[in-house]
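Heads up, the thing below is written out as structure tokens.
2 protein chains.
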Amino acid sequence: MNELSFLLAPRSIAIVGASEDFSKVNGRPLKYLLAKHYAGAIYPVNPKYQRIGALHCYPTVAAIPEAPDLAIVALPAPLVAQAIADLGRRRTKSVIVFSSGFAEIGEQGRRLEQEVISVASSAGIRLCGPNCLGLINAFDGVMATFGQFAEGETPPGPVGFVTQSGAFGTAIAALARRRGIGLGYFINTGNEGDVDFVAAMRAVLADPRITVGAGYVEGLKDGPGLIALAEEALAAGKPLVITKVGKTISGARAALSHTGSLAGADSVFEGAIRSAGIIRARNEEHMLDIVEALAGCPLPQGRGVGIVTQSGGAGVLMADRAEELALAVPVLSDATQRKLREAIPAFGVAANPVDVTGQFVAEPRLLHDAIKATLYDPEVHVGIVWLQLMDAYVDTLVGIFESLKAECAKPFVVSWVAAPEAGLGALRRRGIPVLRGAEPAIDAVAALANYAEDQRFWQADGKARKALRETEAKRHVAAPASGVVSGPAAMKWLNDNDIVTIPTRYVRSAEEATVAAAELGFPVALKIESQDIPHKTEVDGVRLHITDIAAVRQAYAELARNAQIHCPEARLGGVALQRMAGAGAELVIGLKRDPVFGLVVMVGLGGIHVEVYKDVVFRLAPVTQAQAGRMLDELRGRAVLNDTRNRTAVDRSALERLISNVSALGAASGNRLRELDLNPVVADATGAIAVDWLLVMD
Amino acid sequence: MNELSFLLAPRSIAIVGASEDFSKVNGRPLKYLLAKHYAGAIYPVNPKYQRIGALHCYPTVAAIPEAPDLAIVALPAPLVAQAIADLGRRRTKSVIVFSSGFAEIGEQGRRLEQEVISVASSAGIRLCGPNCLGLINAFDGVMATFGQFAEGETPPGPVGFVTQSGAFGTAIAALARRRGIGLGYFINTGNEGDVDFVAAMRAVLADPRITVGAGYVEGLKDGPGLIALAEEALAAGKPLVITKVGKTISGARAALSHTGSLAGADSVFEGAIRSAGIIRARNEEHMLDIVEALAGCPLPQGRGVGIVTQSGGAGVLMADRAEELALAVPVLSDATQRKLREAIPAFGVAANPVDVTGQFVAEPRLLHDAIKATLYDPEVHVGIVWLQLMDAYVDTLVGIFESLKAECAKPFVVSWVAAPEAGLGALRRRGIPVLRGAEPAIDAVAALANYAEDQRFWQADGKARKALRETEAKRHVAAPASGVVSGPAAMKWLNDNDIVTIPTRYVRSAEEATVAAAELGFPVALKIESQDIPHKTEVDGVRLHITDIAAVRQAYAELARNAQIHCPEARLGGVALQRMAGAGAELVIGLKRDPVFGLVVMVGLGGIHVEVYKDVVFRLAPVTQAQAGRMLDELRGRAVLNDTRNRTAVDRSALERLISNVSALGAASGNRLRELDLNPVVADATGAIAVDWLLVMD
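Chains A and B, in that order, give the protein sequences. Numbering follows the working numbering, with no gaps: position 377 of the first sequence is 377. Just add 1000 to wherever you are in the second sequence, counting from 1, and you've got the working numbering.
Now the structure itself:
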């Protein structure tokens, strides 16, 4: 039982505005409920009819003989609120509103929708919709929908599917059916007046018969809610696969910092879900490939893929793609190679990818033995078998895979190009995932490996996460004034909170500058200091590589003059003097407040190049050091942190500590912090240090 | 008629080693030839039989009554050379060798193969194979194959397909058949003893019935040959779509320069084919999506996509993907929007993407009018219509698309998710491309738009290409000595050939250094000069931002000492003094010799970051300035060349001239030049200038 049980597994269903015309929106639910043998009570409500088919039809909601668990409302929009009020009086537990004409049509509809929501809420009714296709609980024959998907077979299965879009969701469900993927639930949340994507998915995953959650998302309202749900799902070992469209959701917002301006373009969503093990699918086919693999396979214990093909080219294509997705295609052990050489013809290839050649057609045992040998290799964690056509050998092949599934504990998938329908069906009925090509197979396997890794990481990092939360609760951060914070005040705040900055002196005269430079040691940098000049280079307000006292004097004078010329109105805070940073790797570390997910921490590479390559990774704040390490691993240009031609590797743990500290500071600042940019942070073998900073408070 | 006519369209076929068992490799060609009503003469050769079916069987090749245009040889490998010798005496024009046991099995097979090749060559016989499935010319019923693909229907069509892999090629051909894509030719080139991929594709494209070439490539031998073929295809208006596996073909070669080390990983192939308008497909489905679109659509005259959907989410998914592929999703004109508002329901969306909602089910005309209005918009060059399911409305929908195809000159494709089989078939029979999802549709349309653009560009750039070739022929480049060329000699050579370098003085004492610095003007850079130290920073051999005479002296001393310590054996050429370059955009421009394609020119972005992000683009040398411009456009970080916060846009035409000059210099150097790196090249609003260089000659 969960809070949406009455909605998802009602023992009785009223249909308000039911029609005897089973082709109509308000007629179809009854048709489907009868066809799929819904076992509960059905109460059609419509004053026009005495009966619909064999069922008694009630003139009003008040006339229904019991309080229904669920009511379907299929009335014109202006009549919906009244119907829900009536249902409330009848102590109805939940309602699905099919009707459109609400928020999706503009201001007037939005007002109607608010009314519906408030009526339902005050009556204690949980509301699905409005403007939705409704839902199917296939286990219990609950066909509370008018969607096209209900027209065909809807056998229950371990996959729970929740979709914000009716049309696209229906298409995905139909594709799943074609693959023989059983959807235990199909739920379209529509306008999400009450029950939103997260709530529906949580209820679905609470059902022990569901082992995989699949979702289609167009606009997410509750980012932290999704992440909380994902963590519950991780704990329960139920993978969650999501396709989300709308990659530019928050991209348009103006922002002062790099962190702010880079936070659009989907990357916040990407980073947030990655930390919680949500699997992101590019599109509908990719989603179903992953779902099919998850539903049919145990999780791999590592990233090693063993590839068995009958075509060298397919093997190369898969190995290339595996490399792109950071899967390993390990060299097989001598023992494995020996076993393979015994099994396959001399002109085959006994290395990974294994090429068994077309010879297995004459000698099926060969394929079986080759796959088995490959799967048993200690470096192989998951197998992929590539086939094409083979119309005449379906039974043999299905037999081979069936016995392999029984014999081997390791997961494998079949990639079968131009597969005969009979072969596809037979494998899928046996719970063996079969993908339609080489690339989809690798993509699906990569999703499995990533998820398994996320799960392991999440478990291993549990203690650190807990410790971080406890520390956070104890922190008392005295935040500085609002708006752009002055350089010295920001520096003090950072230093007070365990964030190291480069030695810096703020000075107000050329004389002071020369003294400070001598103290800091040459070479030094001079930077104009003003809260009104967040981007100093724009006013030619930076002088680098200054090597002597005379040059300090001259640089001071130039900066003061430039500020005067370019920003005569700016409040000047003098000039910042810094010891020049060494030649380390340059990063940007920042914080920003995302409208959907709240406070997020960003890591990017490359100083000025961060804007060009947008090589940035986000996470919800705070992150543990280990999570920070994973962020660094996700940077495309991460190689710059390793040993390079001109530099030894940077101190990764100092960098991870810095990222974690920044994220913890942000989280502890509550809603006060708007944006923080540490740009650049310079990291080398001795540590990681912020060289410039921009802090904006609310 | 072309040079492979006897192979591709033989008027008579001998089958050497023919079997009466039609299930065997040597029996199947006869079975297929008879089944597909091959109209020419067939001569089975086998001393075991008098007759096979209704055909006379000849005991020896000598007994065949005429010189056959084509002979199929299906004998054990050791017997093949003798059979070809016999066929040669019989004046046979061409031979296909099915037999395996040649180069693919190692050294012994390689020797056998060489023998076969030389026998064929001296007899003037064109050879396809060995180790191949043979070929099909579906127009003329030439079923010279034992491949599985021949088992089903093989209706001829406008697509010519050439594959280096038998197994993978068969799978692709079978998938094409399922889509109703007619393959006029299916050719498997196998070991390519004589007829290689390029020769086969050239012969196929010479057939006027073929309008699209499709190829599957595993290992390319003749890069320039492929490019020459692609240019012929461009001139003939026949698009060429290729899937190539093996992304790491030349990646392992050691190289001194960045250009050399970055040339692996498939990027040379990518760059080379892009300049010649070859369309690269990621995998088999992507290839067929593009082929289907090309075969069914005229080419779009621009990059504007008009999207019509029944689901907002599908529209967003397509718009996102379009943006990723640099397609435009233009704002529709007021007139178009007016027309749309008349056509679609109030709760639809009359902007691009257009959402017609599910209402068209009740009112099919609405869909027709909405698509038509969108296609007629002046900014729309190609349309995509997204549908799902609609099993009950197949006839209506097919009718709509059929009349749209008749009425509108602009191309459009249908993206139909979970489409009913009847709908797919009906559209495809009418030559209307239909893709299985939103993303594949956008991907196919992008390929069309790219190809059309390549074609227009290639035509527009024809004169410049011609001029470049003429200049090249006239150039006499006196190349410097071999090995790593000294800094001053390389600089002179570059300057003599229109490549600008930063003002540089080579000096041999601290005293000379101070004089040179004063002449150049501060700040200056000092760099150790030695042919034996190609990477100066590795020996701490560079000093930048030197601002006075004393520091010059000190830097000189340090560099001399560092060279002594790190490279005591190195031949020192003193120190190079340069005026410090301004703060422009940093690029790498280089040349290298690729084993498959010959001399290629590279452009990369980002100074040291070039290695991290591998943001580089290659082309065959030489390139025109306009081609150089396209290279810059293909850089992921190209935004760095535009106006940015701290800098005005760089002088693009100076940069393009520099790239073109470098490429022309390389091309004119013949085989002498091994590697050239200009790294960095600094570009700003005033020009583009090489700041450091590494030249290696053979």
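Ideal Cβ placement from N, Cα and C applies to all residues, glycine included.
Query - Inter-residue spacing [alpha-carbon to alpha-carbon] between L183 (chain A) and P155 (chain A) - result: Position 183 of the first sequence, counted from the first residue, corresponds to residue 183 (chain A). Position 155 of the first sequence, counted from the first residue, corresponds to residue 155 (chain A). Looking at the two C-alpha atoms, the distance is approximately 7 Å.
Query - Cβ-based burial, T1648 (chain B) [other Cβ within 10 Å; buried from 16] - result: On the second sequence, position 648 is the one that residue 1648 (chain B) refers to. The residue in question, T1648 (chain B), is exposed, as its Cβ has fewer than 16 Cβ neighbours within 10 Å.
Query raised in the report: Nearest CA to the CA of L427 (chain A): which residue from A:L87, A:L605, A:I181?
Result: In the first sequence, residue 427 (chain A) corresponds to position 427, counting from 1. Of the candidates A:L87, A:L605, A:I181, the one whose C-alpha sits nearest the C-alpha of L427 (chain A) is A:I181.
Query raised in the report: How would you list, in chain order, the residues of chain B whose beta-carbon sits under 7 Å from the beta-carbon of G358 (chain A)?
Result: Position 358 of the first sequence, counted from the start, is the residue given in the question as residue 358 (chain A). Per Cβ cutoff of 7 Å: A1167.
Query raised in the report: Buried or exposed: which applies to K1466 (chain B), given that a residue is buried once 16 or more other Cβ atoms fall within 10 Å of its Cβ?
Result: By 1-based counting over the second sequence, the position of residue 1466 (chain B) is 466. Exposed, by the Cβ-count rule.
Query raised in the report: What number of angstroms, rounded off, separates the C-alpha of M1580 (chain B) from the C-alpha of V1268 (chain B)?
Result: Indexing the second sequence from 1 puts residue 1580 (chain B) at position 580. Indexing the second sequence from 1 puts residue 1268 (chain B) at position 268. In a straight line, the C-alpha of M1580 (chain B) is about 33 Å away from that of V1268 (chain B).
Query - Top-ranked residue by Cα proximity to A362 (chain A), from A:Q388, A:E470, A:T396 - result: Looking up residue 362 (chain A) in the first sequence gives position 362. The shortest Cα separation from A362 (chain A) among A:Q388, A:E470, A:T396 belongs to A:T396.
Query raised in the report: Buried or exposed: where does P568 (chain A) fall if 16 or more other Cβ atoms within 10 Å of its Cβ makes it buried?
Result: As a position in the first sequence, residue 568 (chain A) is number 568, starting the count at 1. Exposed is the call here.
**Report entry** Paired residues, beta bridge with A1071 (chain B) - DSSP
**Finding:** Residue numbering aside, residue 1071 (chain B) sits at position 71 when the second sequence is read from its first letter. For A1071 (chain B), which the question treats as bridged, DSSP gives the partners B:A1014, B:V1095.
Requested in this report: Please state whether DSSP places A624 (chain A) in a helix, a strand or coil.
Outcome: If you number the first sequence from 1, residue 624 (chain A) lands on position 624. The question names Ala, but residue 624 (chain A) is Thr in the sequence shown. Note: T624 (chain A) maps to coil in three-state DSSP.
Requested in this report: Given a cut-off of 9 Å, decide if K527 (chain A) and V542 (chain A) are closer than it, judged by their beta-carbon atoms.
Outcome: For the purposes of this step, residue 542 (chain A) is identified with residue 542 of the first sequence, where counting begins at 1. For the purposes of this step, residue 527 (chain A) is identified with residue 527 of the first sequence, where counting begins at 1. Closer than 9 Å, so yes.
Requested in this report: Output the boundary residues of the alpha helix (DSSP H) element that contains H368 (chain A).
Outcome: Residue numbering aside, residue 368 (chain A) sits at position 368 when the first sequence is read from its first letter. Note, H368 (chain A): alpha helix (DSSP H), 364 to 376.
Query raised in the report: Can a CB atom of chain B be found closer than 9 Å to the CB of E218 (chain A)?
Result: Working through the first sequence from its first residue, we reach residue 218 (chain A) at position 218. Cβ-Cβ to chain B under 9 Å: yes for E218 (chain A).
Query raised in the report: So is N642 (chain A) buried or exposed if we call it buried at 16+ other beta carbons inside 10 Å?
Result: Residue mapping note: residue 642 (chain A) aligns to position 642 of the first sequence, counting from 1. Looking at its Cβ environment, which holds fewer than 16 other Cβ atoms inside 10 Å, N642 (chain A) is exposed.
Query - Residues that H56 (chain A) bridges to, as DSSP identifies them - result: As a first step, residue 56 (chain A) is located in the first sequence; it is residue number 56 there, counting from the start. Looking at the DSSP assignment, H56 (chain A) forms a beta bridge with A:R51.
Report task. State buried or exposed for I1546 (chain B), treating a residue as buried only when at least 16 other CB atoms are found within 10 Å of its CB. Result -> Position 546 of the second sequence, counting from 1, holds the residue named residue 1546 (chain B). I1546 (chain B) should be labelled buried.
Query raised in the report: When the Cβ atoms of the region 1608 to 1623 of chain B are set against those of the region 1555 to 1568 of chain B, are three or more pairs found closer than 8 Å?
Result: no
Requested in this report: Evaluate A388 (chain A) with the Cβ neighbour count: other Cβ atoms within 10 Å of its Cβ, from every protein chain shown; 16 or more gives buried, anything less gives exposed.
Outcome: Taking the first residue of the first sequence as position 1, residue 388 (chain A) is located at position 388. As written in the sequence, residue 388 (chain A) is Gln, which differs from the Ala given in the question. Buried, by the Cβ-count rule.
**Report entry** Environment of A564 (chain A) [buried if 16+ CB atoms lie within 10 Å]
**Finding:** Locating residue 564 (chain A) in the first sequence gives position 564, counting from the first residue. Checking the displayed sequence, the identity of residue 564 (chain A) turns out to be Gln instead of Ala. Result: exposed.
Query raised in the report: Just curious, the beta strand (DSSP E) that L1676 (chain B) is in, first and last residue?
Result: Within the second sequence, numbered from 1, the residue matching residue 1676 (chain B) stands at position 676. Counting along the chain, the beta strand (DSSP E) containing L1676 (chain B) begins and ends at 1673 to 1684.
Query - Neighbour list for L389 (chain A) in chain B, Cβ cutoff strictly below 7 Å - result: As a position in the first sequence, residue 389 (chain A) is number 389, starting the count at 1. Per Cβ cutoff of 7 Å: Q1148, T1170, A1171, A1174.
Requested in this report: Let me know the alpha helix (DSSP H) ranges lying completely inside the region 1396 to 1434 of chain B, each 4 residues or longer, listed in chain order.
Outcome: 1421 to 1429
Query - Own chain partners of G1521 (chain B) with C-beta closer than 8 Å, once the 5 adjacent residues on each side are dropped - result: As a first step, residue 1521 (chain B) is located in the second sequence; it is residue number 521 there, counting from the start. R1579, listed in sequence order.
Query raised in the report: Using 8 Å as the threshold, is the region 162 to 181 of chain A in touch with the region 93 to 103 of chain A, meaning 3 or more CB pairs across them?
Result: no
**Report entry** Simplified DSSP state of E3 (chain A), which is helix, strand or coil
**Finding:** As a first step, residue 3 (chain A) is located in the first sequence; it is residue number 3 there, counting from the start. Looking at E3 (chain A) - three-state DSSP - the assignment turns out to be coil, as it is neither helix nor strand.
Query - Those runs of the beta strand (DSSP E) which lie wholly inside the region 585 to 670 of chain A and span at least 3 residues - result: 585 to 594, 598 to 605, 616 to 620
Report task. Taking only beta-carbon positions, decide if Q1310 (chain B) is within less than 9 Å of chain A. Result -> On the second sequence, residue 1310 (chain B) is found 310 positions in, with the first residue counted as 1. With 9 Å as the cut-off, Q1310 (chain B) counts as an interface residue toward chain A.
Query raised in the report: Are any of the Cβ atoms in chain B nearer than 9 Å to that of D289 (chain A)?
Result: For the purposes of this step, residue 289 (chain A) is taken as the residue at position 289 of the first sequence. No, because no Cβ of chain B sits closer than 9 Å to the Cβ of D289 (chain A).
Query raised in the report: Is the CB-CB distance between V616 (chain A) and L635 (chain A) below 9 Å?
Result: Reading the first sequence from its first residue, position 616 is the one you call residue 616 (chain A). Reading the first sequence from its first residue, position 635 is the one you call residue 635 (chain A). Cβ atoms of V616 (chain A) and L635 (chain A): closer than 9 Å.
**Report entry** Endpoints, the beta strand (DSSP E) within which G1506 (chain B) is located
**Finding:** The residue labelled residue 1506 (chain B) in the question sits at position 506 within the second sequence. Contrary to the premise, residue 1506 (chain B) reads as Tyr rather than Gly in this sequence. Note, Y1506 (chain B): beta strand (DSSP E), 1504 to 1507.
Requested in this report: Could I get the ranges of all uninterrupted alpha helix (DSSP H) runs contained in the region 479 to 533 of chain A, with 4 residues as the minimum, in chain order?
Outcome: 487 to 496, 510 to 520
Query raised in the report: With DSSP run on the structure shown, which of helix, strand or coil describes D1355 (chain B)?
Result: Along the second sequence, one-based indexing puts residue 1355 (chain B) at 355. In the structure shown, D1355 (chain B) sits in a strand (DSSP, three-state: E or B).
Query raised in the report: Apart from the five residues just before and just after V691 (chain A), which ones in its own chain have a Cβ nearer than 6 Å to its Cβ?
Result: Against the first sequence, residue 691 (chain A) aligns to sequence position 691. Answer for V691 (chain A): I502, A581, P680, V682, listed in chain order.
Query raised in the report: Can you round the beta-carbon distance between G598 (chain A) and V588 (chain A) to whole angstroms, since I take them to be within the 8 Å contact cut?
Result: Indexing the first sequence from 1 puts residue 598 (chain A) at position 598. Indexing the first sequence from 1 puts residue 588 (chain A) at position 588. That belief does not hold up - the Cβ atoms of G598 (chain A) and V588 (chain A) are roughly 20 Å apart, past 8 Å.
Report task. Indicate whether at least one CB of chain A lies closer than 9 Å to the CB of R1436 (chain B). Result -> Position 436 of the second sequence holds residue 1436 (chain B). Yes, its Cβ sits closer than 9 Å to a Cβ of chain A.
Query raised in the report: Just curious, the alpha helix (DSSP H) that G1313 (chain B) is in, first and last residue?
Result: Taking the second sequence and counting its residues from 1, one reaches residue 1313 (chain B) at position 313. Element bounds for G1313 (chain B): 1312 to 1324.
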